[in-house]
Amino acid sequence: MKAIRSGAFLVYFVAVTLVLLVPATVQRVLSRPARRQNRALAWAQRWARTVVWGTRTLCGVTCRLEGAEHVPHGPALIAARHESAFDAFIWLLVLPRCTYVVKQELARIPLLGKVIRAAGMIAVDRAAGAQALRRMAADVETALAAGFQVVIFPEGTRVAPDAPVVLQPGIALLAARLDVPIHPAATDSGRLWTRRTLDKRPGTIRLALRPALPRGLSRAALMTALAAGMRLDPVDKSVG
Numbered sequence: 001m002k003a004i005r006s007g008a009f010l011v012y013f014v015a016v017t018l019v020l021l022v023p024a025t026v027q028r029v030l031s032r033p034a035r036r037q038n039r040a041l042a043w044a045q046r047w048a049r050t051v052v053w054g055t056r057t058l059c060g061v062t063c064r065l066e067g068a069e070h071v072p073h074g075p076a077l078i079a080a081r082h083e084s085a086f087d088a089f090i091w092l093l094v095l096p097r098c099t100y101v102v103k104q105e106l107a108r109i110p111l112l113g114k115v116i117r118a119a120g121m122i123a124v125d126r127a128a129g130a131q132a133l134r135r136m137a138a139d140v141e142t143a144l145a146a147g148f149q150v151v152i153f154p155e156g157t158r159v160a161p162d163a164p165v166v167l168q169p170g171i172a173l174l175a176a177r178l179d180v181p182i183h184p185a186a187t188d189s190g191r192l193w194t195r196r197t198l199d200k201r202p203g204t205i206r207l208a209l210r211p212a213l214p215r216g217l218s219r220a221a222l223m224t225a226l227a228a229g230m231r232l233d234p235v236d237k238s239v240g
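Numbering (UniProt numbering), first residue to last: 1 to 240.
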């Protein structure tokens with residue numbers, strides 16, 4: 001039954017993405033530049049809402065947000081744990097003006113790439129080294145200036161639920177350049193939405209948004225605080 005439900009969700013996901021992508025792309029092309037970004041965001045949120053409905057209805061996967069009182073309504077950086085594809089769209093429903101930093105390989109996937117470009121997400125070429133980091137920082141600054149909350153996965157890739165938090169240096173570069181709140185975030189989505197398989201296990205995903213870190217932390221203190229905030233303990237009483 002689990003395999004049937006997971007297969008049905010895959011068909012649903014592809015169908016929903018195709019159906020919503022066409023009008024979203026047309027509207028983006030026809031919109032005035034000043035309105036284009038907002039309309040792209042609205043379509044991305046509509047897509048995410050529809051996909052999350054499918055995960056709940058077809059797979060029995062729900063999500064519980066912990067720390068809703070910490071949701072920023074202005075520019076902010078969200079340094080989030082990344083355990084599954086679920087993390088790639090759930091923040092669109094949590095944050096009022098959300099965009100993501102994603103690896104450039106995703107932007108090259110025929111179907112998904114169009115969604116990423118239409119939503120104005122920030123694609124990073126990880127093979128380009130320091131040049132890519134500088135460009136990413138500039139793109140993030142532009143998004144923040146437009147009032148977005150930028151979600152970045154500072155571990156650089158999806159990780160297993162029991163893997164330790166290992167941060168890439170790019171997050172320290174961003175923190176040094178940006179004068180916005182930085183919120184760590186944790187999840188256990190990989191427990192139900194497993195990597196490299198189509199299986200979706202019924203249950204509730206925990207998504208924990210932490211308070212913004214104190215300003216003026218040293219690099220070492222920042223990395224320690226981020227790693228702690230991105231860790232979801234079995235019994236987590238730090239948020240709620």
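Using N, Cα and C, we set each Cβ at its ideal position, and we do this for glycine too.
Taking a contact as a CB-CB distance under 8 Å, the pair alanine 185 and arginine 210 counts as one, their CB atoms being some 6 Å apart.
Nearest neighbour of alanine 132 by Cα position, chosen from Pro169, Ile109, Phe148 and Arg117, turns out to be Pro169.
Residues Leu112, Gly113, Ile116 and Ala123 of the same chain have their beta carbon placed closer than 8 Å to that of leucine 106, with the five preceding and five following residues left out of the count. Sixteen is the threshold: since fewer than 16 other Cβ atoms of the shown chains lie within 10 Å of the Cβ of aspartate 233, the residue is exposed. The C-beta separation of arginine 64 from arginine 206 comes to about 6 Å, placing the pair in contact by the 8 Å criterion.
Under the three-state reduction of DSSP, proline 23 is assigned to helix.
Collapsing the DSSP output to three states places threonine 204 in a strand. For isoleucine 171, same chain residues with a beta-carbon under 7 Å away, outside a window of 5 residues either side, are Ala79, Ile152, Pro154 and Leu226 in chain order. Cβ neighbours of histidine 73 within its own chain (closer than 8 Å, five residues either side excluded): Pro96.
Between tryptophan 53 and arginine 108, the alpha-carbon positions lie close to 26 Å from each other.
A residue is called buried once 16 or more other Cβ atoms fall within 10 Å of its Cβ, and proline 75 is buried on that count. Taking the Cα of valine 22 as reference, the smallest distance to any Cα among Cys59, Ile4, Val71 and Trp47 is reached at Trp47. When DSSP states are grouped into helix, strand and coil, histidine 183 belongs to the strand group. Of all alpha-carbon atoms in Ala119, Cys59, Cys98 and Glu83, the one lying nearest the alpha-carbon of alanine 3 is that of Cys59. DSSP links glutamine 149 through a beta bridge to Ala76 and Cys98. The Cβ atoms of alanine 212 and proline 181 lie closer than 7 Å to each other. Across the set Arg177, Ala176, Arg201 and Asp179, the C-alpha of Arg201 shows the shortest separation from the C-alpha of aspartate 188. A direct Cα-to-Cα measurement between arginine 134 and arginine 56 gives close to 39 Å. Annotation: valine 11 to leucine 18 spans about 11 Å, alpha carbon to alpha carbon. Looking at the backbone, the Cα of alanine 137 and that of glutamine 149 are separated by about 14 Å. In this chain, the alpha helix (DSSP H) harbouring alanine 176 covers 170-177. The C-alpha of leucine 198 is placed about 23 Å away from the C-alpha of glutamine 45. Threonine 157 carries a coil assignment under DSSP once its states are collapsed to helix, strand and coil.
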